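Residue numbers (my numbering): 4 to 649. For reference, the structure discussed in these notes is given below.
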Ligand code: 6R9
């Protein structure tokens with residue numbers, strides 16, 4: 004554990020919104036008087052009808068109910084666009100940088116307004132109304148922003164599905180929220196490779212049915228099938244509507260979006276976020292954590308298919324009138340200097356990326372970084388998984404030239420925005436620590452029995468109080484919401500993460516404590532990969548665990564028991580990897596598959612994952628007690644044939 008401390012520079016303490024004293028004062032106010040604190044900060048957004056109530060939350064078993072600003076009315080798209088038009092109509096809202104370095108565009112707030120209105124009118128003419136669900140399956144092109152904001156404008160609930168997901172995964176998500184409209188592109192473009200988005204949508208709808216309209220954005224011009232009664236070209240439909248589209252007044256607690264995320268059991272959950280609390284929290288965290296000031300160029304490298312793209316490419320920055328960069332490509336195309344070249348090209352001041360990208364780029368040495376200027380950079384950010392101190396130091400020293408603080412931001416799809424993070428003018432940094440809670444956030448570390456632990460300690464991370472950006476329910480399944488987040492520990496929100504708190508009160512996230520694997524910052528449920536594997540005819544049983552991976556953070560390790568009489572060949576191993584990849588998507592591909600004649604089970608038939616994890620981590624000497632297994636002998640075979648032997 005690194006004990007190095009980086010002080011806040013005098014410059015930063017002076018220029019930032021918040022220095023250490025101010026942080027302490029605001030934090031104390033936020034937890035002593037949440038109603039007063041959030042009543043004040045709720046005013047940062049524009050209201051159609053101002054709220055008079057602030058927090059109304061119950062974590063009581065059987066009655067989980069979360070409401071913020073509940074009698075207010077507003078429109079999220081109005082806040083992200085229209086209210087800036089007077090002052091910033093000609094300011095760039097979105098800088099779009101294409102996959103090909105020769106392609107980029109600046110979209111002003113006025114242009115954004117017009118494009119969003121056109122997209123919204125296309126949806127309105129197809130009879131999409133307030134509360135209807137729209138699935139968005141787009142690459143990182145400006146139309147993804149137009150589509151999300153168009154939904155917000157007319158009160159439709161968007162569900163963005165990452166373009167890397169397979170037709171089956173897409174079908175499952177379309178069906179779960181019963182979307183009648185899908186917005187997609189002919190093909191995506193990443194690292195010079197084409198992604199067959201429209202063909203995937205066709206395959207998904209063939210499976211699930213129920214979709215009335217598919218709006219298709221032309222990105223590559225590649226050959227696709229158009230169904231004349233269902234599919235329409237975006238550019239043709241856009242030519243037939245006006246740029247005038249009034250905003251739908253929305254209640255604070257009307258849903259804004261659904262975003263599917265993997266959990267420890269079952270199919271992905273539809274995390275539901277509502278309008279006002281989410282927007283207040285996303286915009287406030289964006290302003291304070293990144294210390295965003297007028298005129299700054301801000302770049303978050305996430306995909307809009309993940310929550311980071313929702314809160315910190317789109318909603319937070321645009322609500323703050325920021326200039327936000329949207330990048331279609333990948334870090335290593337056309338070469339390993341791409342990120343740094345984009346920073347120089349657009350004079351980026353604030354750069355927010357994931358540890359997995361930092362580790363991958365670190366492997367190709369300092370040269371690809373050092374041959375660029377990066378003079379414009381002022382602040383760096385990290386999100387998605389724990390950042391190891393080595394990667395942190397490299398990011399700080401090589402990318403940031405020892406001059407830029409790093410905000411290591413811990414949060415989740417469920418939390419809507421950043422909960423634990425340094426503030427660059429206030430917080431001394433310790434490499435690998437997400438440091439201190441944001442305003443209004445009350446972390447608690449609890450032991451396995453649910454006892455809250457004080458002082459320097461380690462255990463499971465819960466959040467004791469609600470905050471405005473908190474998810475409100477699992478779409479269509481409130482019982483699952485309670486079961487997943489509020490049943491392990493009563494009267495608090497359980498994050499699923501392990502955490503250590505040091506003597507300075509700093510938080511160090513240690514990773515998931517449930518059956519979720521964090522692969523390159525993307526969450527994958529072990530149950531999902533297992534059910535894909537057992538759907539293959541050669542597989543009788545499968546158990547999946549995570550193991551430490553140099554670049555991805557965690558890799559996917561699958562133990563597979565084959566059907567009687569099936570040969571465990573290399574060809575079959577490859578086939579199973581390809582099978583999962585096709586079934587769920589590339590991010591779910593197992594990194595290692597071990598053919599196992601038997602799995603370690605208790606006498607009641609439960610798979611002992613603890614043992615499987617230790618074997619996958621190449622630590623066969625610390626298996627612990629195996630005597631309670633139904634057949635202790637299976638362990639020897641598993642150890643002998645482990646795939647991650649160093
Ligand atoms: C925003 C996002 C959430 C899980 C979370 C945790 C891990 C995210 C982290 C981090 C350590 C950080 N995580 N940020 N762990 N330090 N700064 O990533 O949302 O995709 O829902 O993942 O990611 O394990 O529980 P999501």
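C-beta: ideal position from N, C-alpha, C; glycine also. Because the structure is a prediction, the values reported are computed rather than measured.
What is the DSSP secondary structure of residue 562, reduced to helix, strand or coil?
Counted from its first residue, the chain shown places residue 562 at position 559. Strand.
Where are the alpha helix (DSSP H) runs, 4 residues long or more, that stay fully inside the stretch 177-239, in chain order?
Every alpha helix (DSSP H) stretch that sits fully inside the stretch 177-239 and reaches 4 residues is listed by chain position as 200-211.
Return the first residue and the last residue of the beta strand (DSSP E) that residue 636 is part of.
As a working mapping, residue 636 is identified with position 633 in the chain shown. Per DSSP, residue 636 lies in no beta strand (DSSP E) segment and is marked neither H nor E.
Start-to-end residues for the alpha helix (DSSP H) that takes in residue 90
The sequence position of residue 90 within the chain shown is 87, counting from 1. It spans 88-91 - the alpha helix (DSSP H) in which residue 90 sits, taken as one unbroken run.
Tell me which residue opens and which closes the beta strand (DSSP E) that residue 319 is part of.
For the purposes of this step, residue 319 is identified with residue 316 of the chain shown, where counting begins at 1. Premise fails: residue 319 lies in the alpha helix (DSSP H), 319-322, not in any beta strand (DSSP E).
Relative to the C-alpha of residue 532, which residue among 313, 354, 237, 549 is closest?
For this step, residue 532 is matched to residue 529 along the chain shown. Nearest C-alpha to residue 532: 549.
Decide if the stretch 237-251 is in contact with the stretch 277-287; the criterion is three or more beta carbon pairs, one per stretch, under 8 Å apart.
no
Apart from the five residues on each side of it in sequence, which residues of its chain come closer than 8 Å, Cβ to Cβ, to residue 100?
On the chain shown, residue 100 is found 97 positions in, with the first residue counted as 1. Only 106, 107, 328, 329, 330, 331, 332, 345, 348, 349 meet the Cβ criterion.
Would you mind working out which of 285, 258, 579 sits nearest residue 545, comparing C-alpha positions?
As a working mapping, residue 545 is identified with position 542 in the chain shown. Here the closest residue by C-alpha is 579.
Would DSSP call residue 31 helix, strand or coil?
As a first step, residue 31 is located in the chain shown; it is residue number 28 there, counting from the start. Of the three classes helix, strand and coil, the one that applies to residue 31 here is helix, per DSSP.
Consider the C-beta atom of residue 521 and the heavy atoms of ligand 1; say whether any pair is separated by less than 8 Å.
As a first step, residue 521 must be located in the chain shown, where it is residue number 518. Yes - ligand 1 has a heavy atom lying nearer than 8 Å to the Cβ of residue 521.
Inter-residue spacing [alpha-carbon to alpha-carbon] between residue 607 and residue 630:
Along the chain shown, one-based indexing puts residue 607 at 604. Along the chain shown, one-based indexing puts residue 630 at 627. Roughly 14 Å between the two C-alpha positions.
For residue 213, tell me which candidate among 177, 604, 529, 489 has the shortest Cα-Cα distance.
Locating residue 213 in the chain shown gives position 210, counting from the first residue. Here the closest residue by C-alpha is 177.
Neighbourhood of residue 240 by C-beta, 6 Å cutoff - its chain only, sequence neighbours within 5 removed
What you label residue 240 is simply residue 237 of the chain shown in a count that begins at 1. Closer than 6 Å at the Cβ level, and outside the excluded window around residue 240, lie 125.
Cβ atoms of residue 491 and residue 463: under 9 Å apart, would you say?
Within the chain shown, the letter at position 460 stands for residue 463. Within the chain shown, the letter at position 488 stands for residue 491. The answer is yes: Cβ separation under 9 Å.
Residue 70, buried or exposed, once every other Cβ within 10 Å from all chains shown has been counted against 16
Taking the chain shown and counting its residues from 1, the one referred to as residue 70 is at position 67. Using a 10 angstroms sphere on the CB of residue 70, the tally of other CB atoms reaches 16 or more, which defines it as buried.
CA-CA distance, residue 432 and residue 306?
Here residue 432 corresponds to residue number 429 of the chain shown, with the count starting at 1. Here residue 306 corresponds to residue number 303 of the chain shown, with the count starting at 1. When rounded, the distance between both Cα atoms is 27 Å.
Find out if the Cβ-Cβ distance for the pair residue 610, residue 626 is shorter than 9 Å.
Within the chain shown, the letter at position 607 stands for residue 610. Within the chain shown, the letter at position 623 stands for residue 626. No.
I need the DSSP call for residue 96, collapsed to helix, strand or coil.
The sequence position of residue 96 within the chain shown is 93, counting from 1. Three-state DSSP puts residue 96 in a strand.
DSSP beta-bridge partners of residue 349
For the purposes of this step, residue 349 is taken as residue 346 along the chain shown, with counting starting at 1. Paired residues: none, contrary to the question.
Counted within 10 angstroms of its Cβ, other Cβ atoms place residue 341 as buried (16 or more) or exposed
Residue 341 sits at position 338 when you count from the first residue of the chain shown. Buried: at least 16 other Cβ atoms inside 10 Å.
Candidates 260, 359, 32: which alpha carbon is nearest residue 310's?
Working through the chain shown from its first residue, we reach residue 310 at position 307. With distances taken between Cα atoms, residue 310 lies closest to 260.
Beta strand (DSSP E) segment containing residue 446, residue limits:
As a working note, residue 446 is residue 443 in the chain shown. Start and end: 446-449.
Would residue 536 pass as an interface residue toward chain B - the criterion being a Cβ-Cβ separation below 9 Å?
Absent from the structure is chain B; it holds one protein chain and no more.
Any chance the CB of residue 470 is under 8 Å from a heavy atom of ligand 1?
Counting from one through the chain shown, the residue named residue 470 turns up at place 467. No; taking the cut-off as 8 Å, the Cβ of residue 470 has no heavy atom of ligand 1 nearer than that.
Check this for me: beta carbons of residue 267 and residue 519, under 9 Å apart or not?
Stepping through the chain shown from its first residue, residue 267 is reached at position 264. Stepping through the chain shown from its first residue, residue 519 is reached at position 516. The answer is yes: Cβ separation under 9 Å.
Within 8 Å: the Cβ of residue 244 and any heavy atom of ligand 1?
As a working note, residue 244 is residue 241 in the chain shown. No; taking the cut-off as 8 Å, the Cβ of residue 244 has no heavy atom of ligand 1 nearer than that.
Counting pairs of beta carbons, one from the stretch 588-601 and one from the stretch 639-646, are three or more of them closer than 8 Å?
yes
To which residues of the same chain is residue 453 closer than 6 Å at the C-beta, ignoring the five residues directly before and after it?
Looking up residue 453 in the chain shown gives position 450. 492.
Please list the terminal residues of the continuous alpha helix (DSSP H) segment that includes residue 276.
In the chain shown, residue 276 corresponds to position 273, counting from 1. Note, residue 276: premise wrong, no alpha helix (DSSP H); beta strand (DSSP E) at 272-277.
Checking the sheet assignment: what are the DSSP bridge partners for residue 500?
Position 497 of the chain shown holds residue 500. In DSSP, residue 500 forms a bridge with 515.
Buried or exposed: which applies to residue 388, given that a residue is buried once 16 or more other Cβ atoms fall within 10 Å of its Cβ?
Here residue 388 refers to the residue found at position 385 of the chain shown. Result: buried.
Environment of residue 109 [buried if 16+ CB atoms lie within 10 Å]:
Taking the first residue of the chain shown as 1, we reach residue 109 at position 106. Burial call: exposed.
Stretch-stretch touch, CB-based, cutoff 8 Å, three pairs: the stretch 496-503 with the stretch 529-543:
no
With a 10 Å radius around its C-beta and 16 neighbouring C-beta atoms as the bar for buried, classify residue 577 as buried or exposed.
Here residue 577 refers to the residue found at position 574 when the chain shown is read from its first residue. Exposed, by the Cβ-count rule.
Does ligand 1 have even one heavy atom less than 8 Å from the beta-carbon of residue 385?
In the chain shown, counting from the first residue as 1, residue 385 sits at position 382. Residue 385: yes, Cβ under 8 Å from ligand 1.
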